[in-house]
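Here is the structure we will look at, set down as structure tokens.
In this note's numbering, the protein residues as written are 53 to 592.
Pasting the structure below:
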């Protein structure tokens, strides 16, 4: 197959060729579809998953499909997604009127013309670009640390959709990677991440996609007004515009749902396989540095206090951040966060996804889903949201207080009953041993919170005390499991264990920490009740 140095060659046309692999919801059969056919299958909610899609590519691919569909529907004046592939094909082709032959939807096209997610580079010899990539995952945005996180450059037998997903990931969620390698506009700085946070119905890919497409159509004008975008004539598919790497686009020139690119890359056919050539740029594609990632991205929460887009840390979506996203007022949510307008009995979930980036490395892909029952949704969408937020805050404080108490007891255990918290090695060891406690509470946090949030007012105190008692039991279990790692000699062993248990029990029964006072009072009342209970009722 000729290389891209020969003109007028178009290959791997996503509009017409069955290049995208997906599996069916009903029986898991593997299908291969064009992009047009895939969108029709999504409308019918037939798509279970994409076998070639890697976990960190899930949100970029979902966002790409949702933005693309919403742009096409808006430009066609259509309110509802088309059910036929032929209608989708016509609408997508109408978005690229200067490329009626479908070049802008091909993975390979001549350099002076757009190819999918690849801007034209007229007048340049792409064959002179030094950076040549022959594996699809080399093109992707992941930076692995000595191949420990994920083996790099292994997809040499990649199929076209491997390259497609890598392209989408690179161009819509990549960050800064040294001089000439700028990141996307939709993140707070080059070492941040583009999060994917939203509320979605339980179910297959199509259910969330349809919901988000409809939300994007309904909210595009509001996004345009808030962010200062062009109304109807803004640039939507940024790979259609030539880019020599020296000029940036102003935000005011963009469509509110724009699909961006951040790197100069061109795919080429190398025999039966694909390859890529990449080169740097002297400027970011979009002039958005002063935005701090605030672009109206439907899936990006904004930290209202700092006026910055959410940047997920290496800890990922741990329970404290998720509680803030679910109940708190710290973040202004994007359009994809919607609790109203659903059927009354709809079972929803909070979805949070992000590939976390550090300087010169990745800090993991993080994804978490929290079920939102109809009753919990009514609480969160109504006046009781503040009460639910307070429940979450109190529980987080209780876990922190028990964790601190557990750590203190572990220090005493490992110091043979004569604990000195200034001893660094003992403190570190205690930290390692108490970590499973908080990890366990993280895993069960939202199930426990939902029980209290969904309960009637009269039941909530009893549920809270029941949870607190369980919290103490689980912390004590971690402490006793650590006994085996304590001192070995019999005299020191018993002394250390007794001292650790004494500190632990004394800490929550006579707490200095105000968070644990309710539990201490509850426990004391139970003891008083037991003491005054008639003898004949002890075995009732």
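By construction, the Cβ of each residue, glycine as well, lies at the ideal position given by its N, Cα and C atoms.
- Contact between residue 123 and residue 307 holds: their C-beta atoms lie close to 7 Å from each other, under 8 Å.
- Where residue 310 is concerned, the enclosing beta strand (DSSP E) starts and stops at 306–311.
- At a Cβ-Cβ threshold of 7 Å, residue 215 and residue 67 do not count as neighbours.
- The DSSP-derived three-state label of residue 83 is strand.
- Counting C-beta pairs closer than 8 Å gives three or more between the stretch 232–245 and the stretch 306–322, which meets the contact rule.
- Assignment of residue 352 by DSSP, reduced to helix, strand and coil, places it in the coil class.
- In this structure, 331 is the residue among 73, 252, 331 with its C-alpha nearest to the C-alpha of residue 171.
- Annotation for residue 289: no alpha helix (DSSP H) segment contains it, though the beta strand (DSSP E) segment containing it runs 287–289.
- For residue 558, the enclosing alpha helix (DSSP H) begins and ends at 542–561.
- Here residue 392 is exposed, its C-beta having fewer than 16 other C-beta atoms within 10 Å.
- For residue 72, the uninterrupted beta strand (DSSP E) run begins and ends at 72–76, by DSSP.
- By the beta-carbon neighbour count (other beta carbons within 10 angstroms, threshold 16), residue 532 is exposed.
- Distance from the Cα of residue 487 is smallest, within the candidate group 190, 502, 455, for 455.
- Residue 268 sits close to residue 350, with the two beta carbons spaced by under 7 Å.
- Nearest Cα to residue 343 within the set 334, 151, 333, 359: 359.
- Counting every other CB atom within 10 Å of its CB across the protein chains shown gives residue 86 a total of 16 or more, marking it as buried.
- Beyond the five residues adjoining it in sequence on each side, residue 335 comes within less than 8 Å, by CB distance, of 234, 297, 298, 299, 300 in the same chain, given in chain order.
- Distance from the Cα of residue 417 is smallest, within the candidate group 225, 132, 381, for 225.
- The beta carbon of residue 451 is closer than 6 Å to those of 493 in its chain, skipping five residues each way along the sequence.
- In the displayed model, residue 385 falls within coil according to three-state DSSP, outside both helix and strand.
- Taking 7 Å as the cut-off, the Cβ atoms of residue 468 and residue 548 count as close.
- Under the DSSP assignment, residue 65 falls in the beta strand (DSSP E) whose first and last residues are 63–65.
- In this chain, the alpha helix (DSSP H) harbouring residue 455 covers 437–466.
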